[in-house]
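Student:
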Amino acid sequence: FLRAAGRTQEYVRVAERLLYHRPVDAVIRELVRAYLELNEPRRALMKLNELLGRQNHDPEGLELLAETFVRLEKVDKACSVVLELVKHHRDNGPEAVQLCVTLLRRAATWAPNNQKVKQALDELAPQAPAPSVETDAFDEIDEDFEELDDFDEVEDFEELTDDDDDEPPPPTKPPPKRPRVPQPPPARLPPISANSPSPRSSSSTKRSPSWPIATRLSSSSCILVQTLW
2 FLRAAGRTQE YVRVAERLLY HRPVDAVIRE LVRAYLELNE PRRALMKLNE
52 LLGRQNHDPE GLELLAETFV RLEKVDKACS VVLELVKHHR DNGPEAVQLC
102 VTLLRRAATW APNNQKVKQA LDELAPQAPA PSVETDAFDE IDEDFEELDD
152 FDEVEDFEEL TDDDDDEPPP PTKPPPKRPR VPQPPPARLP PISANSPSPR
202 SSSSTKRSPS WPIATRLSSS SCILVQTLW
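Under the numbering used here, the first residue of the sequence shown is numbered 2, with each subsequent residue one higher.
(1) Can you say whether E17 is buried or exposed, counting buried as having 16 or more other CB atoms within 10 angstroms of its CB?
(2) Leaving out the 5 sequence neighbours to the left and right, which residues in its chain are closer than 6 Å to T206 when beta-carbon positions are compared?
(3) Report back the beta-carbon spacing between L24 and E51 to the nearest angstrom; my notes put them in contact at under 8 Å.
(4) Among the candidates K117, K75, N114, E61, whose CA atom is the shortest distance from the CA of A27?
(5) According to DSSP, is R315 part of a helix, a strand, or is it coil?
(6) Quick test of your reading: L100 and L122, contact by CB under 8 Å. State the CB separation rounded to the nearest angstrom.
(7) Here's the rule: buried if 16 or more other CB atoms are within 10 angstroms of the residue's CB, otherwise exposed. What is D36?
(8) Look up R14 in the DSSP assignment and say whether it is helix, strand or coil.
(9) Out of Y21, E74, H89, R44, which one is the CA nearest neighbour of N57?
(10) Got a sec, what are the start and stop residues for the alpha helix (DSSP H) D123 sits in?
(11) For the alpha helix (DSSP H) holding K75, just list the boundary residues, first then last.
(12) For N93, count the other beta carbons within 10 Å of its own beta carbon; 16 or more makes it buried, fewer makes it exposed. Which is it?
(13) Which same chain residues end up closer than 7 Å to V155 when comparing Cβ atoms and leaving out the 5 residues on each side of it in sequence?
(14) Can you have a look at Y12 and say buried or exposed, based on whether 16 or more other CB atoms are within 10 angstroms of its CB?
(15) Terminal residues of the continuous alpha helix (DSSP H) containing L37?
(16) Out of curiosity, what's the CA-to-CA distance linking C80 and P95?
(17) Suppose you measure from the CA of K48 to the CA of Q120; what does that come to, to the nearest Å?
(18) According to the neighbour-count rule (16 or more other Cβ atoms, all chains shown, within 10 Å of its Cβ), is E74 buried or exposed?
(19) Per DSSP, what kind of secondary structure is Y21 in: helix, strand or coil?
(20) By the 10 Å Cβ neighbour count, where 16 or more other Cβ atoms means buried, how is E38 classified, buried or exposed?
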């Protein structure tokens with residue numbers, strides 16, 4: 002579960018505890034792959050020594066050992082491991098021959114000038130069965146083409162909608178004119194006659210006498226004079 006979830010560090014701790022109590026070859030192989038992913042080839046080499054100490058010709062173990070030597074920059078030892086694997090498994094059927102050819106091709110990329118690798122590859126390559134193409138692969142390809150067709154249809158629909166958006170909108174009709182309602186003429190005030198009294202003349206006739214104010218002023222001034230005296 003931890004390995005599938007990509008939690009490699011936690012898987013390494015759990016696998017080491019398990020192998021401490023009971024060695025399991027499948028767990029050792031997976032732990033070696035984890036160490037190679039973590040770029041720790043020396044730890045991977047230590048675990049492979051435990052595995053190959055019990056099974057000298059384990060094909061998966063030898064394949065991992067060759068890859069570990071490549072990580073340690075020991076290409077010659079990696080090619081020697083591949084040649085040893087081919088020596089013991091080339092006569093175990095077509096699947097074993099196919100595995101040997103695959104490993105020899107990888108070794109040829111590691112050491113292009115290694116003559117032993119070239120010779121073994123030339124001998125076994127014609128014996129390797131042709132890779133069988135499963136029908137499931139064709140089904141997946143058909144599904145991919147169907148998805149592409151659906152995607153093209155969606156793009157066509159989007160282009161149509163874009164073209165519709167580019168068209169100018171239809172002209173709008175002006176609103177209908179309302180009929181004008183005739184308005185009644187303004188009311189006229191009656192003319193003012195010359196005999197009618199004006200408000201100013203009526204107000205001017207009604208003036209209060211000024212003598213009481215003068216009397217009051219004279220009396221107050223007398224009182225003021227007496228006080229000052």
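Ideal Cβ placement from N, Cα and C applies to all residues, glycine included.
Keep in mind the model is a prediction, meaning the values are calculated, not measured.
Tutor: On the basis of the data shown:
(1) Exposed: under 16 other Cβ atoms inside 10 Å.
(2) Residue placement at T206 is poorly supported in this model, since its pLDDT is 44, which falls under 50; the coordinates are not used for a value here.
(3) Rather than Leu, the amino acid found at residue 24 in this sequence is Pro. Approximately 7 Å separates the beta-carbon atoms of P24 and E51; this is inside 8 Å, confirming the contact.
(4) From the listed residues K117, K75, N114, E61, the smallest Cα separation to A27 is found for E61.
(5) Examination of residue 315 is not possible in this model, given that the chain is present from 2 through 230 alone.
(6) The C-beta distance from L100 to L122 rounds to 13 Å, too long to meet the 8 Å contact threshold.
(7) What sits at residue 36 in the sequence shown is Tyr, not Asp. Taking a 10 Å sphere around the C-beta of Y36, we find 16 or more other C-beta atoms and assign the residue as buried.
(8) Here R14 carries a helix assignment [DSSP, helix/strand/coil].
(9) Sorting Y21, E74, H89, R44 by C-alpha distance to the C-alpha of N57 places H89 at the top.
(10) That run of the alpha helix (DSSP H) goes 116-125.
(11) DSSP places K75 in no alpha helix (DSSP H); its state is neither H nor E.
(12) Exposed, because fewer than 16 other Cβ atoms sit within 10 Å of the Cβ of N93.
(13) Note on V155: pLDDT 42, under 50, position unreliable in the model; the coordinate value appears next. Here the set comprises nothing.
(14) By the neighbour-count criterion, in which 16 or more other beta carbons inside 10 Å mark a residue as buried, Y12 falls on the buried side.
(15) 26-38 is the extent of the alpha helix (DSSP H) around L37.
(16) C80 and P95 have their C-alpha atoms roughly 22 Å apart.
(17) Note on geometry: alpha-carbon atoms of K48 and Q120 lie some 31 Å from one another.
(18) So E74 counts as exposed.
(19) In this structure, Y21 counts as helix in the three-state DSSP scheme.
(20) It is exposed - the Cβ of E38 has fewer than 16 other Cβ atoms within 10 Å.
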